[in-house]
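Chains as they are written, first to last, in the working numbering: chain A, 1 to 328; chain B, 329 to 1058.
Idealized CB from N, CA, C, for every residue including glycine.
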Amino acid sequence: MRPFDYVRPSGLPEATRQARAEGSAFIAGGTNLLDLMKLEVMAPTRLVDINRLDLAECASLPIGGLRIGALVTNSDLAADERVRRDYPLLSRALLAGASGQLRNKATTGGNLLQRTRCYYFYDTSAPCNKREPGSGCSAIGGATRLHAILGASDHCIATHPSDMAVAMQALDAGVEIETVEGITRSVPLSDFYRLPGDTPHIETVLEPGDLITGVVLPAPVKATQIYRKVRDRASYAFALVSAAAVVAVENGTIGSAALAFGGVAPRPWRNHHAELMLAGERPSEKLFEAFADEVLGEARGQGGNDFKIPLLRRTIIATLKQATEESQ
Amino acid sequence: MTAHVKMDAPDRRNRLDAMAQGVIGEPLDRSEGALKVSGKAVYAHEWPVEGLCHAVLVRAAISRGTVTRIDKAPVEAMDGVLAVIDDDRLLRNPAQGTANKAPVQGPRKIFYIGQPLAVVVAESFEQARHAAQQLVVETEAADAVLDPEAETLEHERPKGKQTSQGDLDQAMGAAAFSIDEVYRTPGHSSAPMEPHAAIASWDGDRLTVRASCQMLKYNRNELADALGIKPENVRILAPYVGGGFGSKLGIAHDAVAASIAARAVGRPVALALSRRQVFETTMRRSESRQRVRLAADAEGRLTGIGHAALVSQLPGEKFSEPVTQATHFLYAAKNREIVHEIVRLNLTCAGSVRAPGEAIGMTVLETAMDELAIKAGIDPVELRKRNIPETDPEGDKPFSSHMLASALDRGAKLFDWQRRNPVPRSTRDGEWLIGLGMSSAARVNMLAEAEAIVTLSAGGVRIESDMTDIGTGTYTVLAQVAAEMLGQPMQSVTTVLGDTDLPPGPGSGGSWGASSTGSAVFAACEDIRKCLAEKLGCVEEELTLKDGHAVTANRRVPLAELLADGPISVRGVIEPGKTSKEVRQSTFGAFFAEVAVNEVTAEVRVRRMLGVFAAGRILNAKTARSQCLGGMTFGIGMALTEELIHDPRTGAIVNRDFAEYHLPVNADVPQLEVDFLEERDPWASPIQAKGIGELGISGAAASINNAIFNACGVRVRDYPATLDKILAGL
Ligand SMILES: Cc1cc2nc3c(=O)[nH]c(=O)nc-3n(C[C@H](O)[C@H](O)[C@H](O)COP(=O)(O)OP(=O)(O)OC[C@H]3O[C@@H](n4cnc5c(N)ncnc54)[C@H](O)[C@@H]3O)c2cc1C
């Protein structure tokens, strides 16, 4: 670990100002950042500890919906009564992630911004475009069991590992950001992450100093919610693939359907275009297959992760089946 | 006084059964358990040592080549840095178990990625780690050999490890049913909870190392030899060891580098391997390619067994995974062919990891047996029972004891095996397909030379040996032997272990620790009893010792009275003898597993699992059970998740942490049942006990894999059975 400065601001303006300088990083739970610092994969010269900021509240919004403070821990969020009642898939996604100890420390903002688990990103002796732009991608042609089948590029095939973000994506969440100028802006989660293209080191729309202050969930809709995580062991493993579904069936036809997928792409993957195929249709195996094929239309395996294509297909179909059956 | 017992003849006296204290075999808690769970047991790296500084190893980033230059100056100038050392005595490979001399040294030649090249010493751990990361080592790379199945590789066939009897090809041709399949198992890491660590301090020419080691009497010699000093000048202390699973059998990088560094800076030095370094630099279990051929007649009696194993190792290392160890004797068949081949690779040194040999050899053989059972339409339990040999099928030696058939029967009954529907895909629970599977367990049994001093005084009993307790219960089990023999309540017995100043024990490895050291304690206790009998004027056999009293005829005398003129101290020595050669010694057992395979995702979950074991006298029912639970848990990992994944181009282990190297976690481990068969093996040891630790893994994974087939009809021949391998067949 390199020597670094440490500051602990007590207000938002100071926090964003402190974090603006090059080499600065916010630290929340530290469950991801500290590991990366020990390995010198990330080497911030200044840590801006945000744990004293007033961002640990979950507030019900007057217009319906929930505003989750960036410092609400994964454990607290999963246990929140409103979340369990109105957004049960979020609770399930959180509880399917990491371990009890990690969830006690991990925060909402930190979870959104956790870095990929690509083996090569973690190995400073291997080239990695995310770590060192322009150095090359070691994952391509290497061990690719974890890697992306959708949204990847020739420069990076890493996945985003979060479970929480996948559930939020299906819930149409928005990310609330405080800028250095003191402006609060809100970005839909679907626009928050950037695909790697030829700049895989730029992962989100955040600008230097930008602080996530919270995540806003819109008012709950009457729908069946499912989070299904497929993994190598029963707990404490990242998703090989995961599916989050919010599906409403009325009078035998699908009213609305929102689906997001994890473990398969550089960001929680959602295909709004494919979702249009579902609305207004009667649930059927054929429909689900067509939807899955549409989602996977551009999917490309890397060898070691080829299995994710059939695995996601089967998972999508089963999830839709379950969701529509439960929603009848 | 010394009581020396050479195991030249079976000991059928079953003396421990005739004693009165009633603690032997009892499921007693580990005496040091509370210290461990409350964090009070001090492990190697935790000793408060004055003036301590810290060292971190620097790794090679290439798989083969030479170090051409180390740019020390900039790092030496960094904050807190005390030294950058690239001493020729630094290890290249860790020592193999019982090596007793220095392993390969000289870090300048690089043979595997991750190999330690230098060590950086600094005031704080953080400074040392950062400095180590900054050290620029210039290397010249050479072509590395990374693929064990590359066709161009030479296959070594060591003499003495090949067996051929009869004509297997002919048997295969004439068989009513046969199997000829190739199976693969991946590399494994021992992955102990406590990483390898040492604190070294010098006092003049005398070196003390607080270390995490399994076999101190060997480790002392290995360390001394590596450093070029006399063993008498080395003391190793390892009272608590947080698991080893083979990777701490021989001296490793940590102790040697810490000792060199401590000498260089003139201060005590602590060095702990990072988790990644444990994966990269300590022993790995070789991956294997195994071809199994089984030929059977119409009744399912084996007429031929072929087992050809290919394993890998670094150039120059003698050890190679003894895959077929149990195939030699497990099943009868006239025509036999056992082949052992080695290829030389540039991957981390291969060595003993959790039951070397049987863990993967039995697993594959028992998978093949399942395939044969299905082909022949014979119940898998029955097929095994039909093929149990009367005597060792290769040497015609008798077995010292053989309870495989009983274990199979008992397991089948306890597990309600008859409920199994032999037709795959016939049992379902929602999305889950349910299946049952079983396998035999076998592990060779070994006795090792061991010494222990037992002292009986008015205050109680003291046992001393340099034997280690690596979390297995040695402290407690040895105390139970002495308490039983000398009629003491457990709290009056103190066991002191893990210090090379004490009499040499066998160390923890090969599952021999408890039976060997227990036998040394037993031998000493028998002599102490003789002394007491003499004092009382009776024959030893008539002496009853209980609760600190001696009883003979109708006299009851407090032992304190008999010991008024001083304690009795005896050095017990057990030496293996003819019983190790005249008979075939093995432990046996059977595994039964129920799994669920998800029909959508091919995820596998073990629902319940049973192990029935015959391992001689059980000295402590609780610690013995715990050993088997651990073995079976490793079996779940081997079957489903555990695998060293190497980058195909560099050989780097890419999943070198506990997030990605998937050992089973709690949620993967269902209710496990362990059942021991009552057994006394007179050939094994004077206490009729045998090794237990490794039996619980030896074949376990096959029961799970066989259950997968029964559940969903997909046969996985490439361990572990991750979902991608099953999915294709669903
Ligand atoms: C062994 C292991 C297993 C895991 N398994 C899973 C799993 O199965 N599923 C899963 O989803 N996750 C898993 N995780 C990841 C875990 O969820 C994340 O580490 C955690 O959510 C990160 O939150 P944190 O608060 O600790 O973030 P930190 O480590 O503090 O920060 C992470 C990043 O976010 C930035 N940051 C933090 N807060 C803010 C903010 N408010 N505004 C702007 N930037 C911010 C930091 O600068 C840093 O770059 C696992 C982690 C580990 C170590």
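Ile398 (chain B) has a beta carbon lying at 8 Å or more from every beta carbon in chain A. Taking C-beta atoms as the reference points, Val925 (chain B) and Arg935 (chain B) fail to come closer than 8 Å.
Nearest Cα to Asn428 (chain B) within the set B:Pro834, B:Glu482, B:Thr951: B:Pro834.
In the pairwise beta carbon analysis, the region 681-692 of chain B is classified as touching the region 648-663 of chain B: at least three pairs are separated by under 8 Å.
Interface flag for His373 (chain B) against chain A is unset, since no Cβ pair is found closer than 8 Å.
Segment contact: the region 710-730 of chain B against the region 909-916 of chain B, three or more CB-CB distances shorter than 8 Å; contact assigned.
From the beta-carbon of His382 (chain B), no residue of chain A is found nearer than 9 Å; the closest lies around 13 Å away. The beta-bridge partner set that DSSP reports for Gln653 (chain B) is empty. In the DSSP assignment, Met37 (chain A) falls within the unbroken alpha helix (DSSP H) covering 33-38. In the structure shown, Ala423 (chain B) falls within a coil segment according to DSSP collapsed to helix, strand and coil. Given a length threshold of 3 residues, each whole run of the beta strand (DSSP E) inside the region 894-926 of chain B is given here in chain order: 896-904, 914-926. Of all residues in the region 40-64 of chain A, those with a C-beta nearer than 8 Å to a C-beta of chain B are Glu40, reading in chain order.
Assigned with DSSP and collapsed to three states, Thr631 (chain B) falls in strand. Around the beta carbon of Ile63 (chain A), a 10 Å sphere encloses fewer than 16 other beta carbons of the protein chains shown; the residue is thus reported as exposed. The region 175-217 of chain A contains, as complete alpha helix (DSSP H) runs of 4+ residues, the segments 189-192 (chain order).
Residue burial annotation: Gly963 (chain B) is buried, with at least 16 other C-beta atoms found within 10 angstroms of its C-beta. Those residues of the region 133-165 of chain A placed with their C-beta closer than 9 Å to a C-beta in chain B are Ser138, Gly141, Gly142, Ala143, Arg145, Leu146, ordered along the chain.
Taking all protein chains shown into account, Asn421 (chain B) has 16 or more neighbouring C-beta atoms within 10 Å of its C-beta and is therefore buried. Residue-level contact check: Thr315 (chain A) touches chain B, since one or more beta carbons of chain B fall below 8 Å from its beta carbon. Under DSSP, Gln641 (chain B) shares a beta bridge with B:Arg672.
Within the region 921-943 of chain B, those residues whose Cβ lies closer than 7 Å to any Cβ of chain A are, in chain order, Val928, Thr929, Glu931, Arg933.
In this structure, the alpha-carbon of Gly304 (chain A) lies about 13 Å from that of Ala158 (chain A). Annotated three-state conformation of Pro283 (chain A) is coil, per DSSP. Pairing Arg341 (chain B) with Gly944 (chain B), the inter-Cα distance amounts to about 14 Å. Cys956 (chain B) carries a helical assignment under DSSP once its states are collapsed to helix, strand and coil. Annotated three-state conformation of Thr324 (chain A) is helix, per DSSP.
Here Val821 (chain B) is bridged, per DSSP, to B:Val789.
At a cut-off of 8 Å, the C-beta of Tyr236 (chain A) has a neighbouring C-beta in chain B.
Distance from Glu927 (chain B) to Leu1058 (chain B) at the Cβ level is roughly 6 Å; contact confirmed, criterion being Cβ atoms closer than 8 Å.
An exposed status is given to Ile183 (chain A), since fewer than 16 other beta-carbon atoms sit within 10 Å of its beta-carbon. Counting only residues of its own chain and dropping the five nearest sequence neighbours on each side, Val72 (chain A) has a CB closer than 6 Å to the CB of Ala56, Cys58, Thr108. Burial of Val230 (chain A) is indicated by the presence of at least 16 other C-beta atoms within 10 angstroms of its C-beta.
Under the Cβ criterion (8 Å, minimum of three pairs), the region 1009-1021 of chain B does not count as touching the region 117-124 of chain A. Residues of the same chain with a CB within less than 6 Å of the CB of Ser75 (chain A), apart from the 5 flanking positions on each side, are Arg103, Asn104 in chain order. Contact annotation, Leu711 (chain B) with Met697 (chain B): C-beta distance approximately 6 Å; criterion of less than 8 Å satisfied. Interface flag for Pro992 (chain B) against chain A is set, since a Cβ pair is found closer than 8 Å.
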